[in-house]
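*Asks:* The structure follows.
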Amino acid sequence: MATVVGGLVFLIIAFLIWEAWPILSSLNWLKFFTDAAWQPSNELYLMLPMAIATIAVVLGAVLLATPIGVLSALFCHYYAPKPI
């Protein structure tokens with residue numbers, strides 16, 4: 000079963016690389032990762048704004064989930080009835 004799943008993952012990755020190869024081969028990789036421009040009208044999509052947005056979303060989720068998780072654990076341990 001694990002071999003089948005691993006093979007499917009490999010096929011999906013190979014397909015994605017195959018389909019993306021025309022744009023990947025013509026890309027300036029240093030500029031893609033370091034330039035801060037984001038211009039969808041000019042078909043200019045770069046990595047830095049996406050990375051910053053991802054980090055912001057992760058931090059927001061952690062800041063929201065941490066107090067909820069800690070308070071839930073405290074409630075379950077100290078205030079909830081014993082069957083919980």
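Be aware that the sequence shown starts at 0, since it is given in numbering that gives the first Met the number 0, and climbs by one per residue.
Glycine included, every Cβ here is placed at the ideal spot set by N, Cα and C.
Note that the structure is a prediction, hence the values are computed from the model and not measured.
Might you give, ordered along the chain, the residues of its own chain that have their beta carbon closer than 8 Å to the beta carbon of W37, omitting 5 neighbours on each side?
*Replies:* Against the sequence shown, residue 37 aligns to sequence position 38. Answer for W37: L43, Y44, L45 and P48, listed in chain order.
*Asks:* Return the CA-CA distance between P21 and L73, expressed in angstroms with no decimal places.
*Replies:* Within the sequence shown, numbered from 1, the residue matching residue 21 stands at position 22. Within the sequence shown, numbered from 1, the residue matching residue 73 stands at position 74. Straight-line measurement puts the Cα of L73 at about 54 Å from the Cα of P21.
*Asks:* Rounding to the nearest angstrom, what Cα-Cα distance links L63 and G6 in this structure?
*Replies:* Here residue 63 corresponds to residue number 64 of the sequence shown, with the count starting at 1. Here residue 6 corresponds to residue number 7 of the sequence shown, with the count starting at 1. If you take the alpha carbons of L63 and G6, they lie about 37 Å apart.
*Asks:* In this structure, how does DSSP classify L43 when only helix, strand and coil are distinguished?
*Replies:* Working through the sequence shown from its first residue, we reach residue 43 at position 44. Three-state result, L43: strand.
*Asks:* Just how far apart, CA to CA, sit S25 and T33?
*Replies:* The sequence position of residue 25 within the sequence shown is 26, counting from 1. The sequence position of residue 33 within the sequence shown is 34, counting from 1. Spanning the alpha carbons of S25 and T33 requires a straight line of approximately 17 Å.
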